[in-house]
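The UniProt record's numbering numbers the first residue of the sequence shown as 1 and each following residue consecutively. Input: a single structure, listed below in structure tokens.
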Amino acid sequence: MAEAYERFRPGYPVKLFDMVMAYAAQPVRTALEIGAGTGKATRLFAQRGVTVTATEPDGAMLAELRKHVPANVRTVQAAFEDLRPGQRYGLVYAAAALHWTNPQDRWSRMAALLEPGGVFASFGGPVQLADPAVKEAVRVARSPFLASDEVPSPDGTPLDNDMQWPGTELRRSQWFADVQQSVIERRLTLSARDYIGHLSTISAYLVLPTLEQEQVFSRIMQVLPETVELAADITVHIARRRYKR
């Protein structure tokens, strides 16, 4: 799936980098990325002078990442849980990947990778059809196979809650303070075929048997217009590692 991720997943805007740096309020020279995938977010930080260590458990994803990142990126094939405390970073971040990490000891592990006062950031969000009529047609088309294709909140936080996950967990953690949540609004236009390509990278579809994947994508394709408008807002959670722990 590495090539599909690279082709169909959207990148990240400069506004996101500026938001994280403004929060840090001091130069960030080193960063550790968790679940880097093909390096969409890696490029955002590395191309602006941050020395990034990109970690990713999947070898094919890392091979794709290496094709696209500058020389100041170091790559490590490892899951978050396999990382051992050693070097500490000014920034640790996860781009649409934190929900893959094990909640047990998540925040003490995260704190061990950060300098005191260092910044943790998590960002991502669902890519949703903007036209209600098209959205409903797609829901009906996929319904024999999937009731929903969204990732539920890992801690069960309701969608109407002011603070969403992982901000909810960060607020409860003894390791982090000054938890902030922001939204970067974003709209995209894709061809119908590229939208299907994007769906092929979504976990709800990836876990379906191959034949069912083909059937559901065929059904969705039949109800799509030639191009689709997407709401692809990025929800950003930022927090600071406490100094005294």
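The beta-carbon is built from N, C-alpha and C at its ideal position, and this holds for glycine as well. In this text, all values refer to a predicted model and were calculated from it rather than measured experimentally.
Quiz item: Rounded to the nearest angstrom, how far is the Cβ of D233 from that of I184, given a contact under 8 Å?
Solution: Taking a contact as a CB-CB distance under 8 Å, the pair D233 and I184 counts as one, their CB atoms being some 7 Å apart.
Quiz item: In its own chain, which residues sit with a C-beta less than 6 Å from the C-beta of F80, not counting the 5 before and 5 after it?
Solution: I34, T101
Exercise. State buried or exposed for E169, treating a residue as buried only when at least 16 other CB atoms are found within 10 Å of its CB.
Key: buried
Quiz prompt | Cross-strand partners of Q128 (DSSP beta bridge) | solution = Per DSSP, A231.
Quiz item: When you compare only the Cα positions, how much space is there between A71 and M110?
Solution: Spanning the two alpha carbons is a distance of roughly 25 Å.
Quiz item: Mind checking R43: buried by the 16 CB within 10 Å criterion, or exposed?
Solution: buried
Self-check item: Beta carbon of A31 nearer than 7 Å to that of L91
Solution: Yes.
Practice problem: Would you be able to state if there are at least three C-beta pairs under 8 Å between the region 153–168 and the region 137–145? | Solution: no
Exercise. Specify the secondary structure class of T101 as computed by DSSP and reduced to three states.
Key: coil
Quiz item: Which of helix, strand or coil does DSSP assign to E81?
Solution: helix
Exercise. Could you tell me if P209 is buried or exposed, where buried requires 16 or more neighbouring beta carbons within 10 angstroms of its beta carbon?
Key: Result: exposed.
Practice problem: With DSSP as the reference, label I220 as helix, strand or coil. | Solution: Of the three classes helix, strand and coil, the one that applies to I220 here is helix, per DSSP.
Quiz item: Would you report the Cα separation of H237 and T55, rounded to the nearest angstrom?
Solution: 20 Å
Exercise. From the DSSP output, read off the bridge partner residues of S122.
Key: A94, H237
Quiz item: Residues bridged to I34 by DSSP?
Solution: T55, A94
Quiz prompt | Whole-angstrom distance between P225 and S182, CA atom to CA atom | solution = 32 Å
Exercise. Tell me whether the beta-carbon of A2 lies closer than 7 Å to the beta-carbon of A60.
Key: yes
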